[in-house]
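Reading through the structure tokens given below for one structure.
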Amino acid sequence: MNPYRMPKPSAGILFKGDFCYADHKGRIDDRAGVARIRLTSEYLWVNDNLSIPVASVLHVGDVNGKAVSIVFHNALSDVEEGVILAGRNWFGLRDRGRSYALVHRLEEARRHAPPLEQFAERIRDQSGELKLGCEVCGAKPANELEFGWFFCFGVFPIAGAYQWKPERRFCCAKHGARACFVNNLVTGLVGYLGFPSVLVAPYRVWRNVREMNKVFGWNTRATVLNTLVGFILPAAAVGGLVYFIATR
Ligand SMILES: [Zn+2]
């Protein structure tokens with residue numbers, strides 16, 4: 000199981016609460032939504048896309064008295080990463096008490112966690128090879144990659160909605176290509192329903208395909224299939240129009 004993308008815990012919860020995502024100055028990013036975090040002795044669950052193993056936390060700090068910065072070691076990609084969260088009360092306003100409570104509980108959990116080296120050994124062997132397999136089927140080699148789907152409706156920003164939903168995965172080439180297909184299919188169906196979607200959606204489709212090829216090497220068949228599926232709705236609309244004109 001990918002320790003950075005664990006399921007939402009339902010038992011053994013030490014602390015939970017609603018938080019907002021914030022920037023490095025502690026300013027709340029309203030567009031990023033709400034993180035309904037849950038802390039267990041093993042990991043801090045932030046959202047479906049991110050869980051932080053307590054043993055991998057390098058630093059928990061205060062951001063201008065407004066938010067909490069959590070820096071952790073991502074042993075899959077061997078880099079330092081971080082997330083900044085600000086406590087949020089029932090009225091949706093900043094709640095410093097909740098932020099301090101998170102710092103306190105996370106520091107307490109860290110004191111009981113195994114050392115980082117011990118945790119990292121579960122993921123990489125001594126030669127640096129990844130031990131962990133695909134999060135779907137367990138096959139090796141597996142790699143970390145990010146795909147997303149794009150949604151656009153109406154005319155943004157006047158009257159409409161516009162969203163890019165990135166999702167991180169740790170999987171084998173087969174499940175990587177499959178995840179790319181699903182994300183491009185969704186983009187192909189809901190990504191062209193407004194403006195500036197015609198400009199953005201093709202780029203998003205290509206970005207997913209590029210990510211797949213970058214991580215697993217060039218695959219012509221998957222590239223063609225996953226690119227075409229991202230244009231399914233506009234292609235169907237053009238095809239329908241041609242058919243309509245031709246059969247009049
Ligand atoms: Zn797999």
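The numbering of the sequence shown is numbering that gives the first Met the number 0, which starts it at 0 and goes up by one. All C-beta atoms, glycine included, are put in the ideal place defined by N, C-alpha and C. Keep in mind the model is a prediction, meaning the values are calculated, not measured.
Nearest CA to the CA of residue i: which residue from the options?
| i | options | result |
| --- | --- | --- |
| Ala31 | Asn63, Ala85, Lys130, Arg209 | Ala85 |
| Leu57 | Ala100, Leu115, Ile36 | Leu115 |
| Leu38 | Asn46, Lys15, Arg26 | Lys15 |
| Lys65 | Cys19, Trp44, Arg121 | Cys19 |
| Leu188 | Leu227, Asp61, Asn48 | Leu227 |
| Gly25 | Arg87, Lys7, Pro6 | Arg87 |
| Phe146 | Val204, Ile12, Phe194, Ser126 | Val204 |
| Trp217 | Gly175, Tyr202, Glu120, Gly239 | Gly175 |
| Val67 | Ala74, Arg247, Val82, Val78 | Val82 |
| Met5 | Ile27, Asp28, Val53 | Val53 |
| Val185 | Trp163, Phe169, Cys170, Pro195 | Trp163 |
| Met0 | Arg121, Glu166, Ile69, Lys213 | Arg121 |
| Leu232 | Pro165, Ile244, Phe150 | Phe150 |
| Val78 | Cys170, Arg209, Phe215, Tyr3 | Tyr3 |
| His111 | Val214, Glu41, Ala119 | Glu41 |
| Pro195 | Cys171, Asp124, Arg35, Phe152 | Phe152 |
| Lys173 | Phe230, Asn212, Glu128 | Asn212 |
| Asn46 | Leu240, Asp17, Pro113, Phe71 | Asp17 |
| Asn182 | Ala119, Arg35, Gly229 | Gly229 |
| Arg95 | Ile27, Ala236, Pro8 | Ile27 |
| Pro8 | Leu43, Asp29, Leu129, Glu106 | Leu43 |
Put residue i into one of helix, strand or coil per three-state DSSP.
| i | result |
| --- | --- |
| His23 | coil |
| Leu115 | helix |
| Asp61 | strand |
Look up residue i in the DSSP assignment and give the residues it is bridged to.
| i | result |
| --- | --- |
| Ser50 | Trp44 |
| Leu38 | Phe14, Leu43 |
| Asn142 | Cys170 |
| Gly153 | Gly159, Gly193 |
| Gly147 | Pro165 |
Would you call residue i buried or exposed, if buried means 16 or more other Cβ atoms sit within 10 Å of its Cβ?
| i | result |
| --- | --- |
| Pro140 | exposed |
| Ser55 | buried |
| Val223 | exposed |
| Tyr242 | exposed |
| Glu143 | buried |
| Tyr202 | exposed |
| Cys136 | exposed |
| Phe90 | exposed |
| Ile12 | exposed |
| Asn63 | exposed |
| Leu198 | exposed |
| Arg168 | buried |
| Asp22 | exposed |
| His103 | exposed |
| Ala10 | exposed |
| Val33 | exposed |
- Task: Could you pull out every unbroken beta strand (DSSP E) segment of at least 3 residues lying fully inside the region 157-244, listed in chain order?
- Result: As far as the region 157-244 is concerned, its whole beta strand (DSSP E) runs of at least 3 residues are 158-170, 192-194.
- Message: If we require 3 or more residues per run, which beta strand (DSSP E) segments fall completely within the region 63-138?
- Response: Within the region 63-138, the complete beta strand (DSSP E) segments at least 3 residues long are 66-73, 78-86, listed from N- to C-terminus.
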